[in-house]
Amino acid sequence: DTGVSQNPRHKITKRGQNVTFRCDPISEHNRLYWYRQTLGQGPEFLTYFQNEAQLEKSRLLSDRFSAERPKGSFSTLEIQRTEQGDSAMYLCASSRDDRAGGYTFGSGTRLTVV
Amino acid sequence: AQSVTQPDIHITVSEGASLELRCNYSYGATPYLFWYVQSPGQGLQLLLKYFSGDTLVQGIKGFEAEFKRSQSSFNLRKPSVHWSDAAEYFCAVAPPAGNNRKLIWGLGTSLAVNP
Chain V
17 DTGVSQNPRH
27 KITKRGQNVT
37 FRCDPISEHN
47 RLYWYRQTLG
57 QGPEFLTYFQ
67 NEAQLEKSRL
77 LSDRFSAERP
87 KGSFSTLEIQ
97 RTEQGDSAMY
107 LCASSRDDRA
117 GGYTFGSGTR
127 LTVV
Chain R
296 AQSVTQPDIH
306 ITVSEGASLE
316 LRCNYSYGAT
326 PYLFWYVQSP
336 GQGLQLLLKY
346 FSGDTLVQGI
356 KGFEAEFKRS
366 QSSFNLRKPS
376 VHWSDAAEYF
386 CAVAPPAGNN
396 RKLIWGLGTS
406 LAVNP
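If you read the sequences in order, they're chains V and R. In short: position in the first sequence from 1, add 16, done, that's this note's numbering. In short: position in the second sequence from 1, add 295, done, that's this note's numbering.
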């Protein structure tokens, strides 16, 4: 069990550029979640996958955001035409079917849009 | 509406002192309850969780939490704080059933420890 891995750890990008983050969950975990966290706030739910199916998207996830989980393994989160308001920590978590929470979180990707 | 309230934004304690971080929730049914800790620039680490059964749960790093249904509370405690406990602490809840078990989070309590 190598934990949840997120890459890159940090990303600085210019406004208007596209960015893509990757999350590798724990291998036997079929549920995968993306959260966003800004300074001084708790995480906010963005989207949820069960295996390869994206079952729920938050209203926070504008049409500039897209997430995929091909083959139910790793997941990517892409942000197109980044805006300064997208600057945040993007957290990925995974869990097994049988229990809520007990999520394992990755270390996150910190995005700074300049 | 479902919500989690952590009334204390910031707490400072002396090393060796006891600690209690408060958490209250508003939820239709008794949710699953969690405490996570986050060090600066890091991801979230699960300290402990409550699903059912004994209302006093033990976690890692010497932490414990007590679920009080009548008060809709799940307060985190530690008898003797260490300097390494300085971090951000988040209380969270999740639905006890359903497909998407997304967590609903409090705003966090920042803990500072004086030597």
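Quick reminder that beta carbons are idealized off the backbone N, C-alpha and C, glycines included. Just so we're clear, the structure is a prediction, and the values are computed from it rather than from any experiment.
Cross-chain neighbours of W330 (chain R) in chain V, by beta carbon under 7 Å: Numbered from 1 along the second sequence, position 35 holds the residue referred to as residue 330 (chain R). By Cβ distance, chain V contributes nothing, its closest Cβ being about 10 Å from W330 (chain R), past 7 Å.
For S110 (chain V) and I42 (chain V), what's the separation of their Cα atoms in angstroms? For the purposes of this step, residue 110 (chain V) is identified with residue 94 of the first sequence, where counting begins at 1. For the purposes of this step, residue 42 (chain V) is identified with residue 26 of the first sequence, where counting begins at 1. Whole-angstrom Cα-Cα distance: 7 Å.
Any Cβ of chain V within less than 7 Å of the Cβ of G323 (chain R)? The sequence position of residue 323 (chain R) within the second sequence is 28, counting from 1. It does not; no Cβ of chain V falls within 7 Å.
Count the other CB atoms, across all protein chains shown, that sit within 10 Å of the CB of A392 (chain R); report buried if there are 16 or more and exposed otherwise. Locating residue 392 (chain R) in the second sequence gives position 97, counting from the first residue. Only exposed fits A392 (chain R), as fewer than 16 other CB atoms lie within 10 angstroms of its CB.
Short of 7 Å Cβ to Cβ, which residues in the segment 35-63 of chain V face chain R? Going along the segment 35-63 of chain V in chain order, one finds Y49, Q57, G58, P59 and F61 with a Cβ nearer than 7 Å to chain R.
Local Cβ density within 10 Å of P326 (chain R), reported as buried at 16 or more and exposed below that: By one-based count along the second sequence, residue 326 (chain R) stands at place 31. P326 (chain R) is buried by the Cβ-count criterion.
Using the beta-carbon of each residue, which ones in chain R are nearer than 7 Å to G124 (chain V)? As a first step, residue 124 (chain V) is located in the first sequence; it is residue number 108 there, counting from the start. Neighbours of G124 (chain V) on chain R, chain order: G338.
Contact residues within the segment 369-393 of chain R, judged by C-beta distance below 8 Å to chain V: Of all residues in the segment 369-393 of chain R, those with a C-beta nearer than 8 Å to a C-beta of chain V are F385, A387, A389, P390 and P391, reading in chain order.
In this structure, how does DSSP classify S78 (chain V) when only helix, strand and coil are distinguished? In the first sequence, the residue the question calls residue 78 (chain V) occupies position 62. Coil, per DSSP.
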